[in-house]
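> Dropping a structure here in structure tokens format, bear with me for questions.
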Amino acid sequence: MRPIQKSNKLAEVCYEIRGPVPEKARQMEEEGHKITKLNIGNLAVFGFDPPDEIVQDMKINLSNAAGYTDSKGMFAPRKAIVHYTQSKNIAGVGIEDVYLGNGASELIVMSMNALLNNGDEVLVPAPDYPLWTAAVSLSGGKPVHYICDEQQEWYPDIDDMRRKINANTRAIVVINPNNPTGALYPVSLLLQIIELAREHQLIIYADEIYDKVLYDEAEHVSIASLADDVLFVTFNGLSKNYRACGYRSGWMVVSGEKSHAKDYIEGLNMLASMRLCANAPGQFAIQTALGGYQSIQDLVGPGGRLLKQRDLAYKLLTDIPGVTCVKPKAALYLFPRLDPKIYPIADDQQFAYELLAETKVLIVQGSGFNWIAPDHFRVVFLPNSDDMTEAFGRIAKFMEGYRKR
Ligand code: PLP
């Protein structure tokens with residue numbers, strides 16, 4: 001029979017966070033092994049419950065949530081998001097500029113699908129949250145990676161970004177706070193990115209899904225609040241700030257200079273209507289989540305569980321000889337570097353397989369984030385302190401063995 005092959009559109013698409021190594025972990029679980037999964041920023045499964053009020057709100061509204069909603073979403077949550085953008089000093093946003101989605105993920109793919117023709121280029125960070133690279137490829141575009149510099153707190157290298165802009169470049173993706181590095185960008189840097197976008201008429205896609213997961217009293221500034229003459233699309237949602245990944249509730253906001261983007265916005269509206277609407281129960285949670293006390297503070301502030309676990313994970317990992325790490329200022333991840341002189345890793349996926357087989361700990365190799373060398377990996381710091389100490393102890397032992405090879 002004629003082989004049934006996947007579409008050519010998928011040739012360049014990969015998503016290693018749930019890729020072959022996690023598949024191996026799944027098989028090991030089926031064989032009865034207990035696997036510590038440090039591969040996904042899935043807060044609720046580690047006991048970080050969502051705020052009770054949003055769970056209640058979902059429950060109460062479940063019986064009203066059986067119908068389709070407006071394609072862009074219901075009025076009240078979109079209005080609450082307009083207020084949220086105002087609180088972040090993003091000017092000129094109306095209800096019509098807000099799109100609700102099944103997580104930010106759906107909207108990221110939609111925003112790229114609506115924009116790109118074959119060969120169009122989008123500047124994406126390296127390392128990146130790999131959905132961005134995948135979404136550009138899937139949409140027929142070419143992801144071009146600009147380097148984030150580990151020596152400079154993982155900030156984007158503006159000169160590299162500038163060098164990579166050409167006549168085909170359409171947009172710059174800015175992930176701030178960053179996954180996987182945990183970097184938080186200063187205003188001066190954001191202004192330089194805006195300047196490039198202004199000069200070359202590029203759209204800025206701002207993924208800000210960790211904008212409240214901030215440590216050490218850091219503050220987040222939305223890049224879209226810093227200019228009104230560039231087109232911005234800003235992404236956020238309930239998954240991280242509200243520990244509700246499974247509710248699949250996210251949004252994107254179009255702001256800044258929109259007058260020249262009518263056709264693109266028509267494209268976004270078309271794609272939003274083709275998928276009918278985002279899941280309605282998840283929409284109901286948004287207004288309650290955004291209003292009132294923000295309980296994430298209890299986790300990231302002084303004495304908070306996430307803060308403590310970040311510090312513990314950082315110490316446990318950087319105590320391993322040849323392992324260094326920029327301490328994350330935000331988000332849920334560490335992205336440590338393995339000194340290539342001590343750990344001469346040729347294939348970091350193989351490294352992740354071996355680590356899994358020996359320690360039963362699942363990490364994601366750096367190349368899964370489109371990082372340029374096989375010398376990094378990513379872990380979440382979500383298991384409780386005892387479990388983390390145990391898992392990182394096993395990693396340390398594995399690394400010791402690796403050094404002796
Ligand atoms: N953007 C970044 C940077 C992420 O890390 C994630 C999930 O890990 C997402 C987007 C996807 O978020 P959602 O659950 O809203 O689809």
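Going by full-length UniProt numbering, the letters in the sequence shown line up with residues 1 to 405, in that order. Here a beta-carbon is modelled for each residue, glycine too, at the ideal position from N, C-alpha and C.
1. Which value, in whole angstroms, describes the spacing of the CA atoms of Gly-250 and Met-1?
2. Between which two residues does the alpha helix (DSSP H) carrying Val-398 extend?
3. Taking the C-alpha atoms as reference points, what is the distance between Leu-299 and Arg-305?
4. Looking at the unbroken beta strand (DSSP E) that takes in Asn-236, where does it start and where does it end?
5. Just curious, the beta strand (DSSP E) that Ile-194 is in, first and last residue?
6. Taking only runs that begin and end inside the stretch 240-314, name each unbroken alpha helix (DSSP H) of 4 or more residues, in chain order.
7. Whether or not the stretch 15-33 and the stretch 350-369 are in contact is what I'm after, with contact meaning three or more pairs of Cβ atoms, one per stretch, closer than 8 Å; do they touch?
8. Run through DSSP, which three-state label would His-83 get?
9. Taking Val-21 as part of the alpha helix (DSSP H), name the residues at either end of that continuous run.
10. Tell me whether Thr-36 sits in a helix, a strand or coil according to DSSP, three-state version.
11. Are there 16 or more other CB atoms within 10 angstroms of the CB of His-376, so buried, or fewer, so exposed?
12. Decide if the stretch 276-286 is in contact with the stretch 118-138; the criterion is three or more beta carbon pairs, one per stretch, under 8 Å apart.
13. Contact check, Ala-114 vs Gly-237 under 8 Å by CB: the rounded distance?
14. Indicate whether Val-233 and Gly-256 have their beta-carbon atoms separated by less than 7 Å.
15. So, Leu-214 versus Leu-190, is the Cβ gap smaller than 7 Å?
16. Would Ala-65 pass as a contact of Pro-281 if the rule is Cβ separation under 7 Å?
17. Take Thr-318 and list the residues in its own chain whose beta-carbon comes closer than 8 Å to its own, dropping the five residues that flank it on each side.
18. Would you call the stretch 264-278 and the stretch 52-72 in contact, with 3 or more CB pairs under 8 Å?
19. I believe Val-380 touches Tyr-314 by the beta-carbon criterion, under 8 Å. Please report the beta-carbon distance rounded to the nearest angstrom.
20. Could you have a look at Arg-2 and say whether DSSP puts it in helix, strand or coil?
21. With a floor of 3 residues, list each beta strand (DSSP E) that falls wholly inside the stretch 104-187, ordered by position along the chain.
22. Would the C-beta of Ser-71 count as close to the ligand PLP, meaning under 6 Å from any of its heavy atoms?
23. Does the Cβ of residue 411 lie closer than 6 Å to at least one heavy atom of the ligand PLP?
24. So for Val-221, helix, strand or coil by DSSP?
25. Residue ranges of each alpha helix (DSSP H) run of no fewer than 4 residues wholly in the stretch 43-93, ordered along the chain?
26. Please identify the residue among Ser-367, Phe-235, Val-98 and Ala-396 whose C-alpha is closest to the C-alpha of Gly-322.
27. Just how far apart, CA to CA, sit Asp-49 and Asp-216?
28. Answer yes or no: the CB of Ser-239 versus the heavy atoms of the ligand PLP, is any distance below 6 Å?
29. What's the C-alpha gap between Ala-134 and Pro-143?
30. So, helix, strand or coil for Asp-97, using DSSP?
31. Taking only heavy atoms of the ligand ZN into account, decide whether any of them is closer than 6 Å to the Cβ of Gly-41.
32. Is any heavy atom in the ligand PLP found nearer than 6 Å to the beta carbon of Ile-209?
33. Could you check if Val-45 is buried or exposed, using at least 16 other CB atoms within 10 Å of its CB as the buried criterion?
34. Using a 10 Å radius around the Cβ and a threshold of 16 neighbouring Cβ atoms, would you call Pro-383 buried or exposed?
Taking the structure as given:
1. Each residue's alpha carbon lies about 42 Å from the other.
2. Sequence inspection shows Phe at residue 398; the Val mentioned does not correspond to that position. From DSSP, the alpha helix (DSSP H) with Phe-398 extends over 385-403.
3. Each residue's Cα considered, the two are about 5 Å apart.
4. Going by DSSP, Asn-236 is part of the beta strand (DSSP E) stretching over 231-237.
5. Where Ile-194 is concerned, there is no enclosing beta strand (DSSP E), although the alpha helix (DSSP H) it sits in stretches over 187-200.
6. You should have 262-274, 280-290 and 296-300.
7. They touch, by the three-pair rule.
8. Reduced to three states, the DSSP call for His-83 is helix.
9. Start and end: 20-30.
10. The answer is strand: DSSP assigns Thr-36 an E or B state.
11. With 16 or more other Cβ atoms inside 10 Å of its own Cβ, His-376 counts as buried.
12. Here the stretch 276-286 does not lie against the stretch 118-138, with fewer than 3 beta-carbon pairs under 8 Å apart.
13. At roughly 19 Å, the Cβ-Cβ gap does not stay under 8 Å, so Ala-114 and Gly-237 are not in contact.
14. No. Outside cutoff.
15. No, they are not a contact pair.
16. The answer is yes: Cβ separation under 7 Å.
17. Taking Thr-318 as the centre and dropping the five residues before and after it, the same chain places the C-beta of Thr-324, Cys-325 and Pro-336 closer than 8 Å to its C-beta, in chain order.
18. Pairwise C-beta distances place the stretch 264-278 in contact with the stretch 52-72, as three or more of them are shorter than 8 Å.
19. Actually they are not in contact, since the Cβ atoms of Val-380 and Tyr-314 sit about 13 Å apart, beyond 8 Å.
20. Of the three classes helix, strand and coil, the one that applies to Arg-2 here is coil, per DSSP.
21. Runs found: 121-126, 142-149 and 169-175.
22. Answer for Ser-71: no, Cβ out of range of the ligand PLP.
23. Here the chain has residues from 1 to 405 only, and residue 411 is not among them.
24. In the three-state DSSP reduction, Val-221 falls in the coil class, being neither helix nor strand.
25. With a minimum length of 4 residues, the continuous alpha helix (DSSP H) runs that stay inside the stretch 43-93 are 52-61 and 75-87.
26. Looking at the Cα atoms, Ala-396 is the closest of the given residues.
27. Across the structure, Asp-49 and Asp-216 are spaced so that their CA atoms are roughly 22 Å apart.
28. The beta carbon of Ser-239 sits closer than 6 Å to at least one heavy atom of the ligand PLP.
29. Taking the straight line from one Cα to the other gives about 8 Å.
30. In this structure, Asp-97 counts as helix in the three-state DSSP scheme.
31. Of the ligands one can find in the structure shown, namely the ligand PLP, none is the ligand ZN.
32. Yes.
33. Counting Cβ neighbours within 10 Å, Val-45 comes out exposed, since fewer than 16 surround it.
34. Within a 10 Å sphere around the beta-carbon of Pro-383 sit 16 or more other beta-carbons, which makes this residue buried.
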